[in-house]
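Residue numbers (our numbering): 2 to 91.
All C-beta atoms in this analysis are idealised placements derived from N, C-alpha and C, irrespective of residue type, glycine included.
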(Lines of atoms letter the chains of each structure in order from A and count residues from 1; the text may use other names and numbers.)
(Lines give C-alpha, C1' and ligand atoms only; values in the text may rest on other atoms or scores of the structure.)
Protein backbone atom coordinates (compact mmCIF):
# COMPACT_ATOMS: atom_id res chain seq x y z
CA UNK A 1 0.00 0.00 0.00
CA UNK A 2 2.84 2.44 0.83
CA UNK A 3 4.59 1.57 -2.44
CA UNK A 4 1.43 2.29 -4.44
CA UNK A 5 1.03 5.66 -2.66
CA UNK A 6 4.61 6.64 -3.50
CA UNK A 7 4.11 5.71 -7.15
CA UNK A 8 0.93 7.77 -7.33
CA UNK A 9 2.76 10.80 -5.97
CA UNK A 10 5.35 10.51 -8.74
CA UNK A 11 2.57 10.77 -11.31
CA UNK A 12 1.01 13.90 -9.79
CA UNK A 13 0.73 16.79 -12.16
CA UNK A 14 2.27 20.01 -10.96
CA UNK A 15 -0.25 22.83 -10.83
CA UNK A 16 2.36 25.58 -10.87
CA UNK A 17 4.94 25.73 -13.58
CA UNK A 18 8.44 27.07 -13.45
CA UNK A 19 8.90 30.58 -12.13
CA UNK A 20 8.77 33.06 -14.95
CA UNK A 21 11.55 35.62 -15.09
CA UNK A 22 10.29 39.09 -14.26
CA UNK A 23 10.40 41.75 -16.92
CA UNK A 24 12.38 44.93 -16.33
CA UNK A 25 9.15 46.88 -15.76
CA UNK A 26 7.96 44.31 -13.20
CA UNK A 27 11.26 44.48 -11.33
CA UNK A 28 11.13 48.29 -11.35
CA UNK A 29 7.57 48.24 -9.97
CA UNK A 30 8.59 45.78 -7.24
CA UNK A 31 11.40 48.07 -6.12
CA UNK A 32 9.12 51.10 -5.93
CA UNK A 33 6.35 49.03 -4.27
CA UNK A 34 8.78 48.26 -1.46
CA UNK A 35 8.56 51.89 -0.34
CA UNK A 36 6.22 52.60 2.59
CA UNK A 37 2.52 52.88 1.72
CA UNK A 38 3.20 52.39 -2.00
CA UNK A 39 0.77 50.04 -3.70
CA UNK A 40 1.08 48.67 -7.23
CA UNK A 41 -1.08 51.54 -8.46
CA UNK A 42 1.05 54.19 -6.74
CA UNK A 43 4.24 52.52 -7.97
CA UNK A 44 2.99 52.76 -11.55
CA UNK A 45 2.01 56.40 -11.08
CA UNK A 46 5.42 57.22 -9.58
CA UNK A 47 7.28 55.46 -12.39
CA UNK A 48 5.16 57.12 -15.08
CA UNK A 49 5.65 60.52 -13.47
CA UNK A 50 9.40 60.29 -12.85
CA UNK A 51 10.38 57.89 -15.63
CA UNK A 52 12.83 55.73 -13.64
CA UNK A 53 13.40 54.13 -10.25
CA UNK A 54 16.39 56.41 -9.72
CA UNK A 55 14.30 59.55 -10.23
CA UNK A 56 11.62 58.25 -7.84
CA UNK A 57 14.28 57.65 -5.19
CA UNK A 58 15.89 61.06 -5.64
CA UNK A 59 12.63 63.03 -5.73
CA UNK A 60 12.02 65.59 -3.00
CA UNK A 61 8.93 65.67 -0.78
CA UNK A 62 7.25 68.41 -2.89
CA UNK A 63 8.06 66.50 -6.10
CA UNK A 64 6.61 63.26 -4.69
CA UNK A 65 3.47 65.12 -3.63
CA UNK A 66 2.77 66.04 -7.26
CA UNK A 67 1.84 62.40 -7.88
CA UNK A 68 -1.84 61.60 -7.33
CA UNK A 69 -2.27 59.63 -4.10
CA UNK A 70 0.96 60.85 -2.48
CA UNK A 71 0.33 63.30 0.34
CA UNK A 72 2.84 64.96 2.60
CA UNK A 73 2.79 62.14 5.17
CA UNK A 74 3.58 59.41 2.62
CA UNK A 75 6.12 61.59 0.82
CA UNK A 76 7.97 62.32 4.07
CA UNK A 77 7.98 58.64 5.06
CA UNK A 78 9.35 57.64 1.64
CA UNK A 79 12.14 60.20 1.97
CA UNK A 80 12.87 59.08 5.54
CA UNK A 81 13.31 55.45 4.46
CA UNK A 82 15.48 56.40 1.49
CA UNK A 83 17.75 58.87 3.30
CA UNK A 84 18.11 57.40 6.80
CA UNK A 85 21.41 55.66 7.59
CA UNK A 86 21.17 51.88 7.79
CA UNK A 87 21.45 50.59 11.34
CA UNK A 88 21.59 46.81 11.65
CA UNK A 89 19.06 45.42 14.10
CA UNK A 90 20.19 42.79 16.53
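For residue i, count the other beta carbons within 10 Å of its own beta carbon; 16 or more makes it buried, fewer makes it exposed. Which is it?
{"i": "residue 82", "result": "exposed"}
{"i": "residue 25", "result": "exposed"}
{"i": "residue 49", "result": "exposed"}
{"i": "residue 76", "result": "buried"}
Looking at the secondary structure, which residues open and close the alpha helix (DSSP H) in which residue i lies?
{"i": "residue 74", "result": "73 to 84"}
Going straight from the alpha carbon of residue i to that of residue j, what length do you get?
{"i": "residue 70", "j": "residue 79", "result": "13 angstroms"}
{"i": "residue 64", "j": "residue 72", "result": "11 angstroms"}
{"i": "residue 88", "j": "residue 38", "result": "21 angstroms"}
{"i": "residue 54", "j": "residue 22", "result": "19 angstroms"}
{"i": "residue 52", "j": "residue 20", "result": "28 angstroms"}
{"i": "residue 91", "j": "residue 41", "result": "31 angstroms"}
Does the beta-carbon distance from residue i to residue j come in below 9 angstroms?
{"i": "residue 68", "j": "residue 36", "result": "no"}
{"i": "residue 33", "j": "residue 57", "result": "yes"}
{"i": "residue 45", "j": "residue 28", "result": "no"}
**Prompt:** Along the chain, which unbroken stretches of the beta strand (DSSP E) at least 3 residues long are found entirely within the segment 14 to 62?
**Reply:** none
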